[in-house]
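Visitor: Heads up: the sequence lines are chains Z and L, in that order.
Just so it is clear: in the first sequence, position 31 is 30 by numbering that gives the first Met the number 0, and no numbers are missing.
Just so it is clear: in the second sequence, position 274 is 273 by numbering that gives the first Met the number 0, and no numbers are missing.
Even for Gly, the Cβ is constructed at its ideal location relative to N, Cα and C.
Just so it is clear, the structure is predicted and the values come from calculations on it, not from any experiment.
Structure incoming, see below.
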Amino acid sequence: MIDDSRPIYVQIAERIENDIIEGGLLEESQVPSTNQFASFYQINPATAGKGVNLLVDQGILYKKRGVGMFVATGAREKLIKKRRELFFEQYVVSMIHEAEKLGITREELTKMIQKGDKIDE
Amino acid sequence: MNKVIEVNHLTKSYGHHTVVHDVNFSLEAGKIYGLLGRNGAGKTTVMKMITAQLFPTSGEIKVFGENLYENRSVLNQVCFIKESQKYPDIFRIADVLDLCSSFFPNWDREYADSLIEDFRLPVKRRIKKLSRGMLSSVGIVVGLASRAPLTIFDEPYLGLDAVARSIFYDRLLEDYGTHPRTIILSTHLIDEVSKMLEHVLVIDDGRLMINEEAEAIRRRAFSVAGPSKKVDAFTVGRETLSREAIGGMAQAIVMGDLNSKTRSQAKELGLEINPVSMQQLIIHLTNHNSQRKAAINQ
């Protein structure tokens with residue numbers, strides 16, 4: 000659920016992004032309303048609206064007057080590109096730092112990643 | 000923005016004892032406000048004054064731009080749900096609802112009935128035979144179904160279990176979404192309500208200590224934890240609210256925004272950084288200590 004780690008509206012935006020990336024929300028489909036988000040996460044509707052607007056500003060969502068919010072065409076590709084750029088900084092850098100702290104060599108690290116592949120299969 | 004309440008230099012004294020000191024604030028239409036603070040801080044006194052149940056010693060209060068006292072057209076726009084609302088002994092729940100329908104212009108009987116079902120209230124039972132939790136639920140039904148442009152809940156949940164409180168939060172947000180109005184929630188269950196609040200007022204010792212957007216309060220402080228020496232190295236020159244140590248480890252709550260520069264400084268020292276919840280922050284700020292007060296007034 001929503002936690003205190005980052006602003007709530009940012010977390011709402013990220014949840015919508017994840018839903019689009021994972022295919023739960025398809026392009027050109029309607030996004031739940033601000034009030035629905037507010038009820039579901041028990042947050043203030045203005046905060047939910049701020050999260051939705053963040054994605055409108057980025058061209059991920061767009062508004063159909065009198066109907067509601069929809070996922071823009073090309074939104075998924077755009078989001079994946081953005082997340083890939085963040086991946087290195089968010090995951091790889093911190094992993095290497097932790098590995099260095101624990102004295103894990105690059106070879107061991109590579110082996111672990113290969114081992115991780117099997118978990119997914 | 001439309002001002003629903005404007006309070007200027009509000010003061011309340013009983014003899015030499017001043018319980019509300021020169022409080023100033025204004026509330027805008029259509030927002031959910033939190034009025035927070037410790038027991039005895041003066042929250043209820045402020046709410047009683049803005050609902051004309053108590054005269055201020057000095058200062059000015061305008062509600063919907065008008066004076067309150069003996070002003071029925073304003074008072075009908077206000078619904079105040081108190082912690083222990085008294086009703087005439089012979090009243091049944093049904094009588095309370097009937098009275099509300101004649102008092103509140105926006106009263107929605109159908110909605111009240113659906114809430115009665117949600118809270119499983121026995122409408123024909125006399126008020127004095129209700130359990131503490133049921134009595135609180137009656138207050139919540141009245142507060143929601145009145146749809147008053149200014150609705151105030153003062154610790155509305157004495158005796159309510161977590162399930163009933165959760166129903167209250169759900170219904171409140173749903174109905175607020177479709178019928179926006181100004182809501183003031185006064186509570187010490189800060190963790191439960193903090194995410195629903197748009198703006199927060201904190202009263203401490205009769206004074207207004209914080210009057211800020213909820214999101215801004217969340218960015219006011221963070222905690223760092225790690226080896227004592229490194230925590231101390233980090234907190235030098237920073238406003239520190241608290242510091243606790245156990246063995247060689249320490250944890251400190253530090254005022255300030257957690258920007259990327261601060262974050263990387265802490266990371267270099269190998270310190271763990273965590274957010275501070277609104278409840279934790281308010282506990283630390285209102286835990287009397289002059290040093291802490293200095294930190295707030297920065």
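#1: Along chain L, in chain order, which residues have C-beta atoms closer than 7 Å to that of Z:Ala37?
#2: Between L:Ala232 and L:Leu270, what straight-line distance do the alpha-carbon atoms span, to the nearest angstrom?
#3: Pull up the distance between the alpha-carbon of L:Gln297 and that of L:Val77, whole angstroms please.
#4: Among the candidates L:Ala147, L:Ile252, L:Leu196, L:Gly236, whose CA atom is the shortest distance from the CA of L:Val73?
#5: Counting only the same chain and skipping the five closest in sequence on each side, list residues whose C-beta sits under 6 Å from that of L:Lys61.
#6: Count the C-beta pairs between the stretch 190 to 198 of chain L and the stretch 30 to 43 of chain L that are closer than 8 Å, then say yes if the count reaches three, no if not.
#7: Tell me which residues of the stretch 185 to 198 of chain L have at least one Cβ-Cβ distance to chain Z shorter than 8 Å, keeping chain order.
#8: At the 8 Å Cβ level, is Z:Pro31 part of the contact set with chain L, yes or no?
#9: Under 8 Å, with one C-beta from each stretch per pair, do the stretch 49 to 56 of chain Z and the stretch 81 to 95 of chain Z reach the 3-pair mark?
#10: Between which two residues does the beta strand (DSSP E) containing L:Gln250 stretch?
#11: Counting only beta-carbon separations shorter than 8 Å, does L:Ser259 have a partner in chain Z?
#12: So is L:Phe63 buried or exposed if we call it buried at 16+ other beta carbons inside 10 Å?
#13: According to DSSP, simplified to helix, strand and coil, what is L:Arg299?
#14: Applying the criterion that 16 or more other CB atoms from any shown protein chain within 10 Å of the CB defines a buried residue, is L:Ser289 buried or exposed?
#15: List the endpoints of the continuous alpha helix (DSSP H) containing Z:Phe36.
#16: Provide the residue span of the beta strand (DSSP E) that contains L:Tyr168, from first to last.
#17: For a contact meaning CB atoms closer than 7 Å, what does L:Ile31 contact in chain Z?
#18: Using the three-state DSSP reduction, which class does Z:Asp56 fall into: helix, strand or coil?
#19: Taking buried to mean at least 16 other C-beta atoms within 10 Å of its own C-beta, is L:Tyr13 buried or exposed?
#20: List, in chain order, every chain Z residue whose beta-carbon is nearer than 8 Å to that of L:Ser276.
#21: Does Z:Pro6 come out as helix, strand or coil in the three-state DSSP assignment?
#22: Reducing DSSP to helix, strand and coil, say where L:Leu74 ends up.
#23: If I measure Cβ to Cβ from L:Ser241 and keep anything under 7 Å in the same chain, skipping five residues before and after, which residues do I get?
#24: Would Z:Ile95 pass as an interface residue toward chain L - the criterion being a Cβ-Cβ separation below 8 Å?
#25: Tell me the residue span of the beta strand (DSSP E) that contains L:Val18.
#26: Considering only residues of the stretch 76 to 137 of chain L, which uninterrupted beta strand (DSSP E) runs meet the minimum length of 3 residues and lie entirely inside it, listed in chain order?
#27: Taking the beta strand (DSSP E) that L:Lys11 falls in, what are its first and last residues?
#28: Please determine, among Z:Glu76, Z:Glu21, Z:Tyr40, the residue with the shortest C-alpha to C-alpha distance to Z:Gln10.
#29: Would you say Z:Asn34 faces chain L, with C-beta separation under 8 Å as the test?
#30: From the DSSP output, read off the bridge partner residues of L:Thr56.
#31: How about L:Asn70 and L:Pro104: are their beta carbons less than 8 Å apart?
#32: Can you give me, in chain order, the residues of the stretch 201 to 217 of chain L that have a beta carbon less than 7 Å from any beta carbon in chain Z?
#33: Using only CA atoms, which one of L:Arg124, L:Gln84, L:Val140, L:Lys123 lies nearest to L:Arg108?
#34: Looking at chain Z, is there any beta carbon in it that lies within less than 8 Å of the beta carbon of L:Gln297?
#35: Do you know offhand how far Z:Arg64's Cα is from L:Ala249's?
#36: Any C-beta of chain Z sitting closer than 8 Å to the C-beta of L:Asp169?
Guide: So, from the listed chains and residues:
#1: Here the neighbours are Leu172, Gly176.
#2: 11 Å
#3: Since pLDDT at L:Gln297 reaches only 49, below the 50 mark, its modelled position is unreliable, and the value read off the structure follows with that caveat. Looking at the two C-alpha atoms, the distance is approximately 36 Å.
#4: L:Ala147
#5: Closer than 6 Å at Cβ, skipping near neighbours: Glu5.
#6: yes
#7: Under the 8 Å Cβ criterion, the stretch 185 to 198 of chain L contributes Lys194, Met195, Leu196, Glu197.
#8: no
#9: Flag = no, the stretch 49 to 56 of chain Z and the stretch 81 to 95 of chain Z do not touch.
#10: 248 to 254
#11: no
#12: With 16 or more other Cβ atoms within 10 Å, it is buried.
#13: Residue 299 of chain L lies beyond the stretch modelled for chain L, which goes from 0 to 297, so this question has no answer here.
#14: Note on L:Ser289: pLDDT 47, under 50, position unreliable in the model; the coordinate value appears next. By the 10 Å Cβ count, L:Ser289 comes out exposed.
#15: Note, Z:Phe36: alpha helix (DSSP H), 33 to 40.
#16: Careful: L:Tyr168 lies outside any beta strand (DSSP E), inside the alpha helix (DSSP H) at 161 to 177.
#17: Asn43
#18: DSSP places Z:Asp56 in helix when its eight states are reduced to three.
#19: exposed
#20: Asp3
#21: coil
#22: helix
#23: Its chain contains Ala251, Ile252, His283 as the residues whose beta carbon lies nearer than 7 Å to that of L:Ser241, once the 5 sequence neighbours on both sides are disregarded; these appear in chain order.
#24: no
#25: Per DSSP, L:Val18 belongs to the beta strand (DSSP E) from 16 to 27.
#26: Counting whole runs of 3 or more residues, the stretch 76 to 137 of chain L contains the beta strand (DSSP E) stretches 77 to 80.
#27: 2 to 13
#28: Z:Tyr40
#29: yes
#30: Per DSSP, none; premise fails for L:Thr56.
#31: no
#32: Cβ contacts with chain Z: Glu214, Arg217.
#33: L:Val140
#34: Note on L:Gln297: pLDDT 49, under 50, position unreliable in the model; the coordinate value appears next. No, L:Gln297 does not count as interfacial toward chain Z.
#35: 54 Å
#36: yes
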